[in-house]
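Residue numbers (this note's numbering): 56 to 229. Notes for the one structure printed next.
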């Protein structure tokens with residue numbers, strides 16, 4: 056079976072939800088899944104559920120730096136070091152162990168903000184293990200990432216409660 060690259064992008068809610076749904080499906084079919092989350096700590100509701108499923112390995116994201124636009128230059132430097140290290144660990148693990156699915160949640164954001172080297176992601180995708188399916192999520196994927204993808208699903212916001220002042224709710228948005 057040939058592996059594929061999936062991109063879930065757009066300004067709508069549901070990119071991570073789609074990726075997690077695919078991870079759960081793969082786990083239910085006895086596939087080994089590796090999930091790395093960027094810009095998100097393990098405070099989200101899905102983390103506990105994912106940890107209880109066999110075959111899913113969740114790489115912890117132990118640091119939060121807040122919104123990129125609110126970071127100081129020093130925080131951006133620290134975030135760059137942290138997320139680059141996390142990416143290196145994840146890609147090394149995915150290359151060495153027999154995973155069937157790799158999810159890089161919010162990878163587009165850390166690439167777009169210059170917190171990781173997108174070229175490293177592109178090189179990994181093109182040289183990934185033969186049977187490794189890869190999922191990338193986030194807004195505004197580059198043309199280079201789009202060109203690597205077999206599936207591109209854009210999730211478009213039509214309406215969102217945030218527009219009415221309703222903030223993220225635990226168990227729904229995180």
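Quick reminder that beta carbons are idealized off the backbone N, C-alpha and C, glycines included. Remember, it's a predicted structure, so these values are computed and weren't measured experimentally.
Per DSSP, residue 64 is one residue of the beta strand (DSSP E) stretching across 60 to 64.
Taking 8 Å as the upper bound for CB-CB distance, residue 210 and residue 63 are in contact here, some 6 Å apart.
In terms of CA proximity to residue 192, 166 leads the group 166, 216, 183. Following the DSSP letters along the chain, one finds residue 90 in no alpha helix (DSSP H) but inside the beta strand (DSSP E) bounded by residues 88 to 92. Comparing alpha carbon positions, the residue from 73, 148, 173, 155 closest to residue 201 is 173. Distance from the CA atom of residue 106 to the CA atom of residue 99, rounded to whole angstroms, is 12 Å. The straight-line gap separating the alpha-carbon atoms of residue 189 and residue 90 is approximately 10 Å. Excluding residues up to 5 positions away in sequence, nothing lies with its Cβ nearer than 7 Å to the Cβ of residue 218 in the same chain. Contact between the stretch 112 to 128 and the stretch 137 to 151 is present: three or more C-beta pairs spanning the two stretches fall below 8 Å.
In the assembly as shown, residue 223 is an exposed residue. Its beta-carbon has fewer than 16 other beta-carbons within 10 Å. For residue 132 and residue 120, the gap between their C-alpha atoms comes out near 11 Å. One Cα belongs to residue 69, the other to residue 79, and the distance between them is close to 15 Å.
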